[in-house]
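Numbering (my numbering), first residue to last: 98 to 298.
In structure tokens, the structure reads:
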């Protein structure tokens with residue numbers, strides 16, 4: 098289920114709209130597979146009532162768990178727009194986080210070896226506010242999402258005339274663009290252009 102467009106601000110556009118990675122289903126799927134395996138054993142090698150009962154209970158628990166996880170997956174959105182980072186989740190009761198791009202300070206991502214192989218990972222956003230750090234799990238291609246957030250921050254800055262976020266002095270601005278250059282968010286030419294702009298102001 099995509100993020101509802103009627104919840105967007107005027108002229109706000111969506112850059113990323115993600116449900117959790119399929120790894121979100123790993124544990125209930127593993128339990129379901131174990132239940133099927135036990136059911137097969139109970140019908141062949143273990144022909145006892147106890148084994149059959151355990152297999153049935155395991156299958157029921159796994160199916161319910163998988164169904165709940167699917168509903169949660171369906172109603173969970175991680176969205177990056179031209180104005181905000183939005184996270185919404187909940188089947189019946191809803192919870193959500195909205196971080197204006199001008200308040201985002203730093204974006205980190207973390208991937209283990211296996212997570213990198215399957216294309217998932219965690220994302221942490223540090224922002225100016227009461228809850229200064231937000232952690233998001235099971236994000237598709239978190240490095241790509243990180244770059245997208247930085248690009249939208251730049252576009253948001255340009256649209257607001259470069260005054261939306263309190264980066265401080267010219268040295269602070271340069272440090273920010275150097276970090277973006279190292280991450281590959283901007284090219285060397287773009288960095289030089291921003292450097293000239295800052296030094297001329």
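Beta carbons: idealized from backbone N, C-alpha and C, even for Gly.
Would residue i be called buried (16 or more neighbouring beta carbons within 10 Å of its own) or exposed?
{"i": "residue 225", "result": "exposed"}
{"i": "residue 217", "result": "buried"}
{"i": "residue 118", "result": "buried"}
{"i": "residue 239", "result": "buried"}
{"i": "residue 125", "result": "buried"}
{"i": "residue 291", "result": "buried"}
{"i": "residue 159", "result": "buried"}
{"i": "residue 200", "result": "buried"}
{"i": "residue 251", "result": "buried"}
Short check: CB of residue i to CB of residue j, under 9 Å?
{"i": "residue 135", "j": "residue 148", "result": "yes"}
{"i": "residue 198", "j": "residue 182", "result": "yes"}
{"i": "residue 288", "j": "residue 296", "result": "no"}
{"i": "residue 139", "j": "residue 131", "result": "no"}
{"i": "residue 205", "j": "residue 249", "result": "no"}
{"i": "residue 230", "j": "residue 221", "result": "yes"}
{"i": "residue 156", "j": "residue 133", "result": "yes"}
{"i": "residue 202", "j": "residue 116", "result": "no"}
{"i": "residue 192", "j": "residue 109", "result": "no"}
{"i": "residue 120", "j": "residue 286", "result": "no"}
{"i": "residue 237", "j": "residue 185", "result": "no"}
Suppose the cutoff is 8 Å on Cβ atoms and the five residues either side in sequence are ignored; what does the same chain contact list for residue i look like?
{"i": "residue 245", "result": "112, 113, 177"}
Output the boundary residues of the alpha helix (DSSP H) element that contains residue i.
{"i": "residue 167", "result": "146 to 171"}
{"i": "residue 135", "result": "123 to 140"}
Between which two residues does the beta strand (DSSP E) containing residue i stretch?
{"i": "residue 256", "result": "Residue 256 -> not in any beta strand (DSSP E); alpha helix (DSSP H) instead, spanning 239 to 256."}
{"i": "residue 218", "result": "217 to 224"}
{"i": "residue 115", "result": "111 to 115"}
Return the chain-ordered list of same chain residues with a C-beta closer than 7 Å to the C-beta of residue i, the five sequence neighbours on each side being excluded.
{"i": "residue 106", "result": "180"}
{"i": "residue 102", "result": "none"}
{"i": "residue 303", "result": "The requested residue 303 does not occur in the structure, where the chain is confined to residues 98 to 298."}
Cutting at 6 Å between CB atoms, please list the residues of its own chain near residue i, excluding the five before and the five after it.
{"i": "residue 195", "result": "181, 183"}
*List in chain order: all unbroken beta strand (DSSP E) runs of 3+ residues lying wholly within the region 168 to 211.*
DSSP runs (the beta strand (DSSP E)) wholly in the region 168 to 211: 174 to 178, 181 to 186, 192 to 197, 201 to 207.
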